[in-house]
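Okay, so here's the structure we're looking at.
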Amino acid sequence: MNLLPKSSKEFGSADYWEKFFQQRGKTAFEWYGTYLELCEVLHKYIKPKEKVLVIGCGNSELSEQLYDVGYQDIVNIDISEVVIKQMKERNGSRRPHMSFLKMDMTQLEFPDATFQVVLDKGTLDAVLTDEEEVTLRQVDRMLAESPRVARPSGSLAWRRAGSSWQPVRASGGWSQWLSTEASGMLAWKAFKQSCQPESWSWPRLGCLPSSRCPSCLWVGTLGSGLCSTKTTVP
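Under the UniProt record's numbering, the letters of the sequence shown match residues 1 to 234, in that order.
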């Protein structure tokens with residue numbers, strides 16, 4: 001069964017994902033790696049008691065496997081109603097403390113600073129299919145919403161395809177960067193002048209003035225290709 005779209009543009013369509021999961025059925029589909037490939041890094045940077053948001057969860061087993069080893073405060077969201085229904089049925093009785101919600105990651109329905117960790121494994125690629133203005137506006141919204149719901153000193157982690165760091169755009173005091181290294185990661189955010197790290201040894205992407213976000217974001221790319229970031233408030 002060929003589930004690939006006719007063009008990459010379809011990856012950004014909610015209709016495509018509804019059809020994808022209808023045809024895929026209940027068999028898990030893992031983008032960019034399985035839990036076993038990523039668990040060492042995830043366990044190192046995510047504490048079991050932290051509240052985690054997984055954006056674009058699909059029918060990946062990542063959240064389920066994290067739950068089974070002690071990470072039970074996990075909220076999963078996806079734009080596909082089909083897959084959210086499937087995941088609720090799959091986990092309702094077995095993992096009662098984990099939730100699945102139909103939600104658009106560019107319009108998160110959570111208060112500010114709700115989560116200690118925001119995790120994405122491939123969803124950004126579904127949005128960033130080209131560099132047209134409408135696409136970049138979607139990316140802007142995603143890159144504003146994820147840090148909004150993350151607590152200060154929380155973490156943001158992405159897994160994506162990609163080969164060198166390059167700025168994508170900067171507006172309103174925000175600077176966004178894409179990593180297209182072989183391991184493939186993304187990191188972004190605005191920075192306040194004269195910020196200092198709090199025992200964070202990875203390199204800082206940059207420091208720009210921002211009235212919207214009086215915080216500093218530090219980023220590191222790990223050997224596995226997972227990117228982790230830490231927000232520190234001066």
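The beta-carbon is built from N, C-alpha and C at its ideal position, and this holds for glycine as well.
In terms of Cα proximity to V118, the closest of G92, S63 and V54 is V54.
When secondary structure is reduced to three states using DSSP, F100 falls in the strand class. When C-beta atoms of the stretch 73–92 are compared with those of the stretch 16–23, three or more pairs fall below 8 Å, so the two segments count as touching. Sixteen is the threshold: when 16 or more other Cβ atoms of the shown chains lie within 10 Å of the Cβ of P147, as they do, the residue is buried. CA-CA distance, T135 to V127, rounds to 7 Å. Relative to the Cα of T27, the nearest Cα in the group K47, M142 and S60 belongs to S60. Residue ranges of uninterrupted alpha helix (DSSP H) with 4 or more members, entirely inside the UniProt domain "Methyltransferase" (52–144) and ordered along the chain, are 62–68, 81–91 and 123–127. If you draw a straight line from the Cα of K44 to the Cα of E145, it comes to about 25 Å. Fewer than three Cβ pairs drawn from the stretch 35–51 and the stretch 84–100 lie within less than 8 Å of each other, which leaves the two stretches out of contact. For the set D130, L108, Q116 and Q65, the Cα lying nearest the Cα of L143 is the one of L108. Distance from the CA atom of V41 to the CA atom of Q116, rounded to whole angstroms, is 16 Å.
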